[in-house]
Every structure is written in structure tokens, then in C-alpha cells.
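Student:
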Amino acid sequence: MDDRRNENLTGQTMHGWMRDLFPVCRSLTGPGVRETLAYFARLLPDLKTHAVPSGTEVFDWTVPDEWTIRSAWIEHEDGTRVVDFADNNLHLVGYSHAFDETMPLDELQKHIHSLPAMPDAIPYVTSYYKRRWGFCISENARKKLKSGNYRVFIDADLKPGVMNYGELILPGASCEEILLSTYICHPSMANNELSGPVVAAALAQWLGALPARRYTYRIVFVPETIGAIAYLARNLDAMKTNTVAGFVLTCMGDERTYSFLASRLDNTLADRAARHTLRHIAPGYKEYSYLARGSDERQYCAPGVDLPVCSVMRSKYGEYPEYHTSLDNLELVTPNGLAGSLHAMQRCIETLEANHIYRVTVLSEPQLGKRGLYPDINKAGSYDDETRLLKDTLAYCDGKHDLIALGERIGQPAWEVARVCRTLEAAGLIRKV
Amino acid sequence: MDDRRNENLTGQTMHGWMRDLFPVCRSLTGPGVRETLAYFARLLPDLKTHAVPSGTEVFDWTVPDEWTIRSAWIEHEDGTRVVDFADNNLHLVGYSHAFDETMPLDELQKHIHSLPAMPDAIPYVTSYYKRRWGFCISENARKKLKSGNYRVFIDADLKPGVMNYGELILPGASCEEILLSTYICHPSMANNELSGPVVAAALAQWLGALPARRYTYRIVFVPETIGAIAYLARNLDAMKTNTVAGFVLTCMGDERTYSFLASRLDNTLADRAARHTLRHIAPGYKEYSYLARGSDERQYCAPGVDLPVCSVMRSKYGEYPEYHTSLDNLELVTPNGLAGSLHAMQRCIETLEANHIYRVTVLSEPQLGKRGLYPDINKAGSYDDETRLLKDTLAYCDGKHDLIALGERIGQPAWEVARVCRTLEAAGLIRKV
Amino acid sequence: MDDRRNENLTGQTMHGWMRDLFPVCRSLTGPGVRETLAYFARLLPDLKTHAVPSGTEVFDWTVPDEWTIRSAWIEHEDGTRVVDFADNNLHLVGYSHAFDETMPLDELQKHIHSLPAMPDAIPYVTSYYKRRWGFCISENARKKLKSGNYRVFIDADLKPGVMNYGELILPGASCEEILLSTYICHPSMANNELSGPVVAAALAQWLGALPARRYTYRIVFVPETIGAIAYLARNLDAMKTNTVAGFVLTCMGDERTYSFLASRLDNTLADRAARHTLRHIAPGYKEYSYLARGSDERQYCAPGVDLPVCSVMRSKYGEYPEYHTSLDNLELVTPNGLAGSLHAMQRCIETLEANHIYRVTVLSEPQLGKRGLYPDINKAGSYDDETRLLKDTLAYCDGKHDLIALGERIGQPAWEVARVCRTLEAAGLIRKV
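Protein chains in written order, with the numbering used here: chain A, 2 to 434; chain B, 2 to 434; chain C, 2 to 434.
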């Protein structure tokens, strides 16, 4: 009951953060990113914000110019303002350059994006690496555009500046690291993307409050793709040396399903922990191979980088109808949806933290009865689930199975096995290898 | 026909031994165990009986005191004897201490065990490591107990003595060993346990009469759990060095099904031989993983012991309704049921004895025709099953497949492949590696 | 369209060759084999014909005497010629010795072969290694034989001579070889065997005309079994050293299905290329394990020889009703059937020729947009199948997947992946390992 109430509270808190951050116009660069990072820095005092100058070469890429958007609208010659960025920051194609011209409807149409199949939705469109301008409106709004001339006005800067990202290192007993990466470059959309950084922040608070951490946690808030690439370019050696598991946190807010996207190498420690967790807490979860990838695992798992990074999600990007539209909003994402994702990630991390290899200290079965761990009478029904769990755990504490393998072998959640292992270790019957 | 008649005779013989031994009150220790071992020593003159003193430490355990039970009963104050150990030795909880007191029904009830769901059955209950007393009766009998006072009388000793076990070593050409282990600690029950030692004895007679043995056979009759642990403690080094395969012989007497319980390591030579045998002689057999274990494989397969030990059974302990009750009797176990288990074990052992790796002596296909092993005309139908078996065997005598792997590969029983291998070896076409 | 038209033309051409060669009476040895080889030598000017003298020992076998058949018939005493080899060369049991005697019908019957279940078909029968004589007729014809005496006349030689085979080596950039083996010892039958050598010849012409070959091609036309054994005996070392993949070409002419017969080692490069090809061009193809073998893979894959040789077929020998009868004729085999087999083998070979291992040259994802390989706007639908193929290829160019593995991993035909790899290699984004 307490757990459930805590989860609800945390879900509400995360949803509150989302409501604060939803209106901010994030993009790869610019003030919206900085505002978002500043918000998280208030939640996570040790979060550091970094800046990479435009033009910096990072692997095969170049950090683009910084984009600042102040206002953008389209007005009909009759004075009606038919689109205004102030109403919804999806209305403007991301990275649109400054513009102020009047043109007939025919010409304007070439610069308008809408979704005929979803007539109420404003689509999300960007053009980071080719200079253009454009507006996104609903198909219904588009149909209402009257003939005549329109003034198109965009007050934006696109010029050398910086790309920002946030980084929080939570040291643990070991320099081995777990990577948590999320992205902060999408304007007002909820499941993809705000649910990711919000759950990342709650997870970071929870990790920060743990009495002890086995692993060091590297938690990064980056613009997707170019941000992850720049971050990798700056930190590749340390990350290749230290990372034992990693997760891209994205699409963590709706309640429809749980999803898993495997790493490129497919059976890393991260994949094993995530699959094991989902099998037990969400048995009907959807599994996607790396072929369905689409976020920053594309960078972390690339050949030569080869980090063990996968994703635990709710409805996966590209797989739900509201994806990349104005309908991916604060109703789609719920406190319960967020709390479920946080819980799943906590179970993953608990599993990793407890993922030791044990070996029994005695030959043949230990006499559990004399330690009060076994019924003192042998009759039908005297042998309960807990006894079974304890004996199965002992049977496979052979110095070869780690906790996850042990759980898989005996068909029990790793966190239950971990609990039993603590009992057995305290009784001197098993020892960490 | 002869084989079948022999099997029937052997089945009848084994069932006869069971009838002799059924009334004996076996337990972990005491005169019932010695009487049972003495019976088997008459069948197997080389069987040696050993004794381990009470109090001996064996790995994590201590050999318990010896239990001698002379009589036990409960009488109502009206003089009616409502339960008497003399009627059925399941009536007394195993290892009950001496007792003589009168008490009201309410108090007595706390010491009575019955099975509401099986109202005719007397349950089997023991309390080896905690001193208590108790009686087991059918639910129907329990319901008939009148109010009033009862005298409870138990004439038993529970004091330092010995724990006995039997051991028979049949030497073979190699010091590599096959372990056959069965248990002799259950009072009057038939499938679990008398079928096990009885089939073990028949198997030992058959092995002893073989003209030659490739392997040495270590055949042990031990009290379950503590007996196997004590035996291991005394023989661990030799057993770890020499054992190539082992089988716990238990639950070998009914006719309902065949079962297989895998070793902990799951794919040892013993598992491979047993699975291969059962696939061919009992295709619908039930397979259980090591998680369903329950007998002395728990000791032999424990981490650090790691012997390759599995079980070929009929209805497995815990999986048939009569298990551990008075209904597990001489009607449940039949001559046919016993003969089938013996036959399965013989096939397993024949497979192990013949499990060589062969390599062909010629490059490309040998010309079988010139050796009379192939039809001398090539027409439809000239190519029969025996020719196919012979050519398939040759195709995989590549120095990599052992006999079992060969049989699995070509879909034929190892004993048929062994027959063909003898022909091919005699013709000089294959050689043992 | 062009491809399809070319295939039809090639199919017609191959079928024309079959019509030319169908009437020739081939056997293990003799003029029919030489005539067949001479025909192929006109199509393939570099084809060399070799001769192995009768009596030569080749591994476990001895090359048999040469068989020359001039005429053979049976006449009833009333002057009716009831069977004549001149009508169909299947009428005579292969390798029948010379004979001229008159005998009653009863005696004659012992030497006559027919198929009661296929009353119109003349069966195909040989007796290479035991001297006998015999005739094959349809069951219907057999039923019409009248009582009385028959003169049996066979004008044949069976005496020391040679066994011939053909060999064509097409050198490539590497001395690593691909083996194509087909057989030329069957009289007038179409799917088994003429389709095999005819497709081999077309494939050889296509290979000879390629602007470049990575591999050397060893193409052999041998009498089945003894010819392959003799060829192996002469070339074993070179073949074991150089062969990376091989195919027995047989049963390539009907249109009913595609089939695959695995090599003995089952997952060699040849098997991988063949399975991959068939999965994409004939998804419903039938797969046979090596246990269903029946042609010269029996020699090439024998233990100790161990060449990676499998078969891509249409209806497999032994699996279609007309097999080894006079109904396996030029109607069963069609131009389309032959063209399909040729196409499948060409895809296999293209796959092998392109089967490199690649590695990306940059860390993290390359920026495809700046090379014109990626859409310059990010909106729904901008990401097409070609972009997906390109990115998936890059994701697995990790220095570990060869082309076939890459295709299997991403679910695309190797030849499509090869095309993309050429683009990526030209762009400097991947390099051969």
C-alpha cells in the first residue's frame, strides 16, 4: 500500500514537472534547451550544463548554428492571423530561418505541412541541416485557408552560438558505470519526449538518495542525435572503459503498454536486466529488435562504439498514432504511466546493483532446518514457495550464474532471489565470487 | 517373444521381492534398514553393508540417533484401540519418541495427521530432526474418534547407534564408473520407494552376469538425503574422479507413464543416454527439469559435487495422487511396470557401454557392394532400411559424433546403431577413436 | 522485363540442348559419355575431357570396365520383336553383358523389370558391379507377353577401357574455388539427370563471360559416384585446400518446387548462400537434411573429405513420381524450370562473390544527409525503405557480419545489401575487412 501510494505521489510529481516544461520551445539549440536544463538543475543540484560551440566537429558531424525563435505567424491580406507560433510551438518548422514576405496562397502552400490522415493534428517537422522555412498546421485548418495573399513573418536567429547539454555523475563504490541518457530537443510533445527527461530526473533523485551505490551513474540530458554524438566524442574513452549497462530513456509516459528495444549486441547486461524485469512486471510487453531503433542507441550502439544500451519504454516512438504530432500531449501521458516507467527502471537498476555471482560454501545440500530455514516436519504441504525459492537459489549458486541468470533459471524475479541471497549470505551458506 | 517372456518373469520376480519387503518398517536408521539390506545381500552376495555412527559430521549435517520402534497405539478410555502401528507402519510419525500418557481428544488431535482431500489414505509423515511424536490416520478414521480420554503409547528408542547403507562395486575394464543410487528409508510404500531398490537389485544381477563390462558400477542403497550425504562425504574424491554417469533409481513401478528428471548440469552423458533411450522406447515420456528434483540428485548434483546424475522413472514422486500415502501400495506397482523400468535402465546402460566415437577408415564412401553390404542391382526398392542405416552411420562416423550423437543425428536408437557399428568395425570400415 | 526475356531465351536454349542430348545412351562409361562431353565441349571450348583406365583403384573403389552397347532386343518365336533398345535406351539394364539365347517366357520373366504401380513407365535399372543382363519394360507391355519361347539378343562389350569425365577451370582473382559438379551417366531421363549438366553448362557460359571473378570455378561433369570418387582421388589436396563452397547440380528442370539439400556439415558457406538465396527467391522451398542425400555430395561431404557442398534443386531425386523412369522426360522439364534453377544458382554465386565483411570508417552514425543519402527534412514519411536499408546496413557493418549474415540480420536479400554496400564503400563510409 505504501509503495503504491508513493508511486502515485511520484507520478503526480513527475506529471507536474511535465506541465511546467511542456510549453517551452526546445530544439537542438537555443534558449529553450537552456531553460529546460535550468529547470532540471533545480531538481538535481549536481547537474552540470555544458556548451559545445557551433561548428565543432564531432566524429562525422558538425555542431549546427544556434537557433533562437522569437515569433512567427501568417496573416491573410484581410488581417486575419491564420497561424501563430505563440499558440503552439509546433506551428513552426524547427530551425526555420528569419523571413518576412507576402505571397499568394499557392506559393504559401509549398511551405505548409499537415497530416491528411489526422486532420486535427499539427505535425512536428524540422529541418536542422538544410536552411528553409515552413509552418505546420492541422489539415482542417489548412482546408480553411482562403485564396488571396498572405504575409509570412518569422523573427528568428540562426547563427553561431552553442549547443547545450546536461550531465550528472553520481559516484558509486565502483568506477564501473551505468549510463542513463535522455533527450531535450523536442518542443511541446509529451510521451516523445518530455516523459523521458522527467523520468530520468526522478530516477536521478532516487539514485542520489540511495544509502549506497555499487555503480557510478552517468546521467545525460542531450539534444537527440547531434547531442549524443557530441557527448560521445567528448567522453568516448571513459564510457567504453566503464559502461556496464545503459538505457536511453524515452517514451515513458502513456499507459497502453510496456516496450523493450534491444541493444545492437542484443544480449548485453543491460538487455538481460531489462528483459528480466519486464518479463516479471509486464509479461505482455512488446519486444523490438535493434532494427526498430530510432533514438540515441543509434549512436551508443554503433559499431566501434558498442556500448550496451537498450530502452525500456511504454508506447514506442513511431508505434502510437499521436507520435510527432500535437496530439502527443499531457493527456496521453499520465501520472500512472510515468510511475510505471520509473518503477520498471528502478527494478532494472536494483537488479543490476544486486547482480552478483554466488557460490555455496558447503558440499551437498546445507541443512537448512538447523538454521530455521526449513520445516521441521516432513508432510504434505510443509514445503512452501519460500522454501522452494531458497532451495532453488542454493541449487544454482554454483559460481557460474549471476543473479539474473539465477532468476531466469528458477523462474523467479531477480529482486526476490536477491532477497533470499542476502538471507543465505548472512547464514554463511553462500559467498560472492 | 523370449525377451518379452523374460521381462515378464523378471517383473514377477521383482514384484515378489517387493511383497517380501513391503511390511518392513524402514526409516533413516534402525533394524528395518538392516533387515532390508540383509534381504538384498542374499540377492547380491557382493553387497557390503556399512555403518556410520550417530553424531558423525558429514558435510553440513550430523548423522542422527538410531530409531527403534517396537509398538505404538492409541486407546480410547472405553478400551477400544483406535490406531495400532501393528496394522500399518505408516500410522506412526517417523522418529516419534517414546511416550505413554492419557489425554483428552482435543489434545490428541494436535498430534494426528490426516488428509481431508484423500479420506481413505493414511499419510506418511516424519520428523527426523525435531523430537516429537504423532500418529497418521485416514480422515475417515479421524472423523470417527469419539470424545473422551485416550491413552497414547509408543515403545521406541531414539539413541546413539548407527546409520546403515549398502554398497556394491562391480568392476569393469575401466575405472570410470557408473553410479546407481537408490534409497531404503521408507516404510510400507511401493512406487516411492520399494520399486527403486528392487529394480536396482535386478539391474545389479543383470550387470553382474554380463560377460564383460566397460565401466565399473557403483551401486548404493542408502537412506535418502542423510545417507547420500554421508556416502558422498566418505567417497567424494573417487566419485568426482571416476563417475561418467549416474542415476537415482526411484519411482519405477507403476504403468502410467515414463518420466525423466534432468541433472543439474542438464546435458551430461547420463542425461543424453537417458533422454535418447526414452525418446525411442517411450516417446510420450514426461520430462522434468532439475527444478522438479526431490531425491538424492539434490546431493549428487549440488554445486561443487557436480556429478552427472539424473533419473529415469515411471510416475514421479509428488506427481501421482497416492504419493506418500498408504495408497502407494502393491497394486499400484505391477510386474509390468517394474519390468519396463528395468528394460529402460538396461537400454541406457547398453547405450553408455557402447558409446564410442568412430571414424571411417576410407575417404569418400566405401564400396559396400563388394563386402555384401549393399544391393548388387540399382532399382526402385533395392535400397532398404538396413542399407540406409548402414550408410547413415558411415556418413557420421567422422571422429566427432559419439554413438548417442550419431543415433540422434540419424534418428535411430543407439542400440541399433551400435549393432551396425560392430558390423562396420568387423569389416574394417570404421575404427574407434 | 529484359531480365525476364533473357531468362526465357536462356531457358529455351537450355531446353534445346536437352533435346539434342536426350537420346544419347549415357552410362558410367562408353561412347555415350564421350558424345555428351563432346557436345558440352562445343558449348564450353575450355572444357577438358579426361580418361581414367578401367581397373584404376580410387580410394575404396576400382574403375569398372567400359561398356559399349550396340543393340538389344527380345523376339517372340512368332517373329514379333517385343522389346527393342533402339526404341528407348531405358529398355536395357545398364551394364548388361552380351547375350544371345532362346528361352521360355518363365525364364525370361526373371530378367524383366517393370513397375506395377506405374504401368506406363519403363523403369531405370543398372547393375554396374555384378555382371548380369536384363530388360526394363512397362507393366502394361509385360502383361501382353504371350507364352512361348523368346530370343534374347544383346550386342554389347564389357571390357577394359576408360571412364571419361569433363573438367573446366575458370580462374578468378583468388585461388579459392567454388566447385560445381554435375553428372553425365544417365540415359534418356530429363530432370534427373540432363537438367543438371545443361544448367551447369549455361552457368559456366555466364561465369566465363563475367568481367571479373573473385573466385576460381572448378566445374566438373562426371559419372555419378565412381566418377566423383575418381575425380576426388585425383584432386583431393587441391580441393581440400581451395574449396570455399560447392554445389552438386542435379534435378534442375521441372517447375513444381525448389528444394535444398544441406551439406553434411550443414552450415557451411555453401549452405548459407543457398539457404539465403532460396529464402528470398522461393520462400516456400523444401529443405532436406543431409540424411536425404543421394548424389555426389555423398563423396564430397564424406568424413575426411569434408567439402562444403550442397544442392539447390527443383523437385529432388526420389521425391517426384517420374524419378528413374521413362516418364522423367522432356515434358516434365521446361524452359521456365531450367531458367529458374539457373537464376537461383546465379543469385547464389553473386552472393558468394560479394560476400565480404565490412566495417564502418566513422564512429557513431555517419551524417548521411551531407552526402545526399538522407532526406534533408524530418517529417512523417520522409524515411523510406532505401534509407532504412542503408542505415541498417551501416548498423551492422561491424567487421563481424559477412554479407550473408548482414542480409539475414536485416531481413534483406544479400544482393540488395551488396548494392548498398557498393554505394557506402564509394562514399568512404565502409571498408572491406
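Positions of the beta carbon are idealized from the N, C-alpha and C atoms, including for glycine.
For D156 (chain A), which residues from the same chain have a beta carbon less than 6 angstroms from its beta carbon, with the 5 sequence-adjacent residues on both sides left out?
Tutor: R71 and S72
Student: Given that A396 (chain B) touches chain C, what residues does it touch there, using C-beta distances under 9 angstroms?
Tutor: R265, Y291, L292, R294, R299, C302, A303 and P304
Student: Can you tell me whether G341 (chain B) is helix, strand or coil according to DSSP?
Tutor: helix
Student: Quick one: does the C-beta of E323 (chain B) sit closer than 8 angstroms to a heavy atom of the ligand MG?
Tutor: Among the components of this structure there are no ligands whatsoever, and the ligand MG is therefore not found.
Student: In chain order, what residues of the same chain lie with their CB nearer than 6 angstroms to the CB of G338 (chain B), ignoring the 5 residues before and after it?
Tutor: G254, D255, E256 and R315
Student: If we ignore side chains and look at the alpha-carbon of each, how far apart do I75 (chain A) and K144 (chain A) end up?
Tutor: 15 angstroms
Student: Quick one: give me the first and last residue of the beta strand (DSSP E) that S182 (chain C) is part of.
Tutor: E178 to Y184
Student: Note the first and the last residue of the continuous alpha helix (DSSP H) segment covering N141 (chain B).
Tutor: That run of the alpha helix (DSSP H) goes E140 to K144.
Student: Our contact map puts P376 (chain C) next to T388 (chain C) with C-beta atoms below 8 angstroms; I'd like the distance itself, whole angstroms only.
Tutor: 7 angstroms
Student: Spatial neighbours of H344 (chain C) within its chain, please: C-beta separation below 8 angstroms, excluding the five flanking residues on both sides.
Tutor: E8 and I282
Student: Is there a C-beta anywhere in chain A that falls below 9 angstroms from the one on S128 (chain C)?
Tutor: no
Student: Classify M2 (chain B) as helix, strand or coil using the three-state DSSP reduction.
Tutor: Caution is warranted here: a pLDDT of 42 is assigned to M2 (chain B), below 50, making its placement in the model unreliable, and the coordinate value is therefore given only provisionally. Secondary structure at M2 (chain B): coil, using DSSP grouped into helix, strand and coil.
Student: Can you name the start and end residues of the beta strand (DSSP E) that K380 (chain B) belongs to?
Tutor: Neither: K380 (chain B) is in no beta strand (DSSP E) and is coded neither H nor E.
Student: Have a look at A:G400, A:D307, A:K160 and A:S312 and flag the residue whose alpha-carbon is nearest the alpha-carbon of S365 (chain C).
Tutor: Selected option, being the one with the closest Cα: A:D307.
Student: I'd like to check one pair, M190 (chain C) with T326 (chain C): are the Cβ atoms closer than 9 angstroms?
Tutor: yes
Student: Got a sec: is the Cβ-Cβ distance from A381 (chain B) to anything in chain C below 9 angstroms?
Tutor: yes
Student: Kindly identify the DSSP beta-bridge partner or partners of D403 (chain B).
Tutor: B:I358
Student: Tell me which residues share the same chain as T11 (chain C) and place their Cβ nearer than 7 angstroms to its Cβ, disregarding the 5 neighbours each side in the sequence.
Tutor: A203, A340 and L343
Student: How about F261 (chain C): is its C-beta nearer than 9 angstroms to some C-beta of chain B?
Tutor: Not closer than 9 angstroms to any Cβ of chain B, the Cβ of F261 (chain C) fails to qualify, so no.
Student: Please report the residue range of the alpha helix (DSSP H) in which S196 (chain B) lies.
Tutor: Annotation for S196 (chain B): the continuous alpha helix (DSSP H) segment containing it runs S196 to A210.
Student: Given that a residue counts as buried once 16 or more other Cβ atoms are within 10 Å of its Cβ, and exposed if not, what is K49 (chain A)?
Tutor: exposed
Student: Is the separation between the beta-carbon of N150 (chain B) and that of H51 (chain B) shorter than 9 angstroms?
Tutor: no
Student: Select from A:I170, A:V249 and A:A303 the residue whose C-alpha is nearest the C-alpha of N243 (chain A).
Tutor: A:I170
Student: Looking at C-alpha atoms only, which residue of B:L106, B:F41 and B:R35 is the closest neighbour of E67 (chain B)?
Tutor: B:R35
Student: Any beta carbon of chain C sitting closer than 9 angstroms to that of R360 (chain B)?
Tutor: yes
Student: Does chain A have any CB closer than 9 angstroms to the CB of M2 (chain C)?
Tutor: Any answer about M2 (chain C) is weak, because its pLDDT of 42 lies below 50 and its placement is not dependable; what the coordinates show is given next. No, no contact with chain A.
Student: By how many angstroms is the C-alpha of P65 (chain A) removed from the C-alpha of Q13 (chain A)?
Tutor: 36 angstroms
Student: When the Cα atoms are used, what is the spatial distance from E288 (chain C) to N192 (chain C)?
Tutor: 18 angstroms
Student: Let me know if N90 (chain B) comes out buried or exposed under the rule of 16 or more other beta-carbons within 10 Å of its beta-carbon.
Tutor: buried
Student: Measure from the C-beta of G412 (chain A) to each C-beta in chain B and report whether the shortest distance is under 9 angstroms.
Tutor: yes
Student: Considering only the alpha carbon of each residue, which of A:V363, A:V199, A:D385 and A:A293 lies closest to L38 (chain A)?
Tutor: A:V199
Student: Does the count of Cβ pairs from the region 104-120 of chain C and the region 170-182 of chain C closer than 8 angstroms reach three?
Tutor: By the C-beta criterion, the region 104-120 of chain C is judged not to be in contact with the region 170-182 of chain C, since fewer than 3 inter-stretch pairs fall below 8 angstroms.
Student: In three-state DSSP terms, what is F60 (chain B)?
Tutor: coil
Student: Taking only the alpha-carbon atoms, compute the straight-line gap between M2 (chain B) and M15 (chain B) and give it to the nearest angstrom.
Tutor: For M2 (chain B), the pLDDT reaches just 42, beneath the cut-off of 50, and the residue's location in the model is therefore unreliable, although a value from the coordinates is still provided. Each residue's alpha carbon lies about 20 angstroms from the other.
Student: Cβ closer than 8 angstroms: which chain C residues qualify as neighbours of I230 (chain A)?
Tutor: S365 and E366
Student: Which chain A residues are close to I282 (chain C), counting only those with a beta carbon under 9 angstroms from its beta carbon?
Tutor: Within chain A, no residue comes near I282 (chain C); the closest Cβ sits about 22 angstroms away, beyond 9 angstroms.
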